[in-house]
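*Asks:*
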Amino acid sequence: MIAHEVGHHVQNELGISSQVRKLEQEDPDAGKGEDGLSVRLELQADCLAGIWAHSRYERGQADPTKRLEDGDIDEALDAAEAVGDDSIQKASTGRVNPEGFTHGSAKQRKKWFKVGYDSGDSDKCDTFSADPL
Ligand SMILES: [Zn+2]
-19 MIAHEVGHHV
-9 QNELGISSQV
1 RKLEQEDPDA
11 GKGEDGLSVR
21 LELQADCLAG
31 IWAHSRYERG
41 QADPTKRLED
51 GDIDEALDAA
61 EAVGDDSIQK
71 ASTGRVNPEG
81 FTHGSAKQRK
91 KWFKVGYDSG
101 DSDKCDTFSA
111 DPL
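The sequence shown begins at -19 in my numbering and counts up by one.
Below is the structure:
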């Protein structure tokens, strides 16, 4: 989850977050819903978190003190799943309402973390043109 916040930091540095905010101001509806800009921004942060984990893993090959342990990635994936909008909605209201999604579903969050982790390539994290998400 810290890696997810690092992902947001990268988005801020690259000006992606401010572009999204601008688009949302121009067209508030574009920001909302299960394939809205907010969800796309959050899933991109998950993908960037995966890239961080990927580079941690590679550094770990050279320096055992930095090595990720077996199960760390599974833990990260479980965490991504637990904070999916559908998981959270279900736990709090017993229902799932995709209109109210802001971060993406459990399946999507897991998917995008894995895209980043498996590829280590930020070009693959283009959640804004991905279809389906
Ligand atoms: Zn976030």
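Glycine included, each C-beta is placed from N, C-alpha and C at the ideal position.
Quantities reported herein were computed from a predicted structural model and do not represent experimental measurements.
Any heavy atom of ligand 1 closer than 7 Å to the beta-carbon of residue -7?
*Replies:* No, the Cβ of residue -7 stays beyond 7 Å of every heavy atom of ligand 1.
*Asks:* Taking Cβ to Cβ, would you say residue 17 is nearer than 8 Å to residue -13?
*Replies:* Contact: no.
*Asks:* What did DSSP end up calling residue 7 once you bin it into helix, strand or coil?
*Replies:* Coil at residue 7, not helix or strand.
*Asks:* Using only the alpha-carbon positions, how far apart do residue 114 and residue 99 sit?
*Replies:* Because the chain here runs from -19 to 113, residue 114 falls outside it and cannot be looked at.
*Asks:* Could you round the C-beta distance between residue 60 and residue 90 to whole angstroms and report it? I think they count as a contact, below 8 Å.
*Replies:* Residue 60 to residue 90, Cβ: 5 Å. Contact.
*Asks:* On the three-state DSSP scale, how would you describe residue 109?
*Replies:* It is coil, neither helix nor strand.
*Asks:* Which residues are close to ligand 1, meaning CB closer than 6 Å to any heavy atom, in chain order?
*Replies:* Going along the chain, the residues that qualify are -16, -12, 22, 25.
*Asks:* Going by the CB atoms, is the gap between residue 69 and residue 21 shorter than 8 Å?
*Replies:* It is not a contact, given that the beta carbons lie outside the stated cut-off.
*Asks:* Considering only C-alpha positions, which residue in the set -5, 66, 47 is nearest to residue 82?
*Replies:* It is 66 whose Cα lies nearest to the Cα of residue 82.
*Asks:* Using DSSP with H/G/I as helix, E/B as strand and the rest coil, what is residue 96?
*Replies:* Here residue 96 sits in helix by DSSP.
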